[in-house]
């Protein structure tokens, strides 16, 4: 599997997942057409699929344009089907499908939106979490209460520690600063925040984390160890 991650709009991540064996290329959401076209042109790929995580405009804005250009299949959450442009196939919690020879497990994670889903490439140990989970934080609660988001995060926390989590936005620096206001004496968090500050000062983006290291840094999900909801 090959991945290409880049910025779209203001702070969205564009993410392309490419299977060299089949030539399949999936866009994880479609925030903006131009950066996605630039990436596939640079890599010599063709968009065959769009894996939509939720209905917000900054994640589906380029669905129809990319579908018209490439004839790609758009997959998305069954509980938000009416709000997703160009949707061809719906997915519910626990559904599995193949992307080439790669098994993809669908995990429904309501909280940010009512029907948000994440895509877990099981054997590749990749999770595309979009706006459910970020580095040092989680998505804003627009359509479901905190208890639902907590349950969703619990579902992700049981994935193998070595699972690489890819986010929907570059919120890392602002999340680090907020996390330190919540847990100012956490030495591990201080060290992580300093690393992120240095990374962003160099103009680099922070688009992913492993599940394992992230558990000790998240100001809310880390509380899973006590079993207490937020």
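Residue numbers (the numbering used here): 25 to 254.
Heads up, the beta-carbon is just placed ideally off N, CA and C, and yes, glycines get one too.
Out of 33, 84 and 145, point me to the one whose CA is closest to residue 124's CA.
-> 145
Which partner residues of residue 141 appear in the DSSP bridge assignment?
-> 132
Run through DSSP, which three-state label would residue 86 get?
-> coil
Roughly how many angstroms separate the alpha carbons of residue 109 and residue 206, rounded to a whole number?
-> 39 Å
Do the CB positions of residue 116 and residue 134 come within less than 9 Å of each other?
-> no
Cβ shell of residue 46 (< 7 Å), same chain only, five flanking positions each side left out | Same-chain partners within the cutoff: 124.
Pull up the distance between the alpha-carbon of residue 179 and that of residue 118, whole angstroms please.
-> 11 Å
Please report the residue range of the beta strand (DSSP E) in which residue 43 lies.
-> Start and end: 36–43.
Whose C-alpha, out of 61, 112 and 83, is nearest the C-alpha of residue 93?
-> 61
Should residue 55 be labelled buried (16 or more other beta-carbon atoms within 10 Å of its own) or exposed?
-> buried
Going straight from the alpha carbon of residue 86 to that of residue 79, what length do you get?
-> 12 Å
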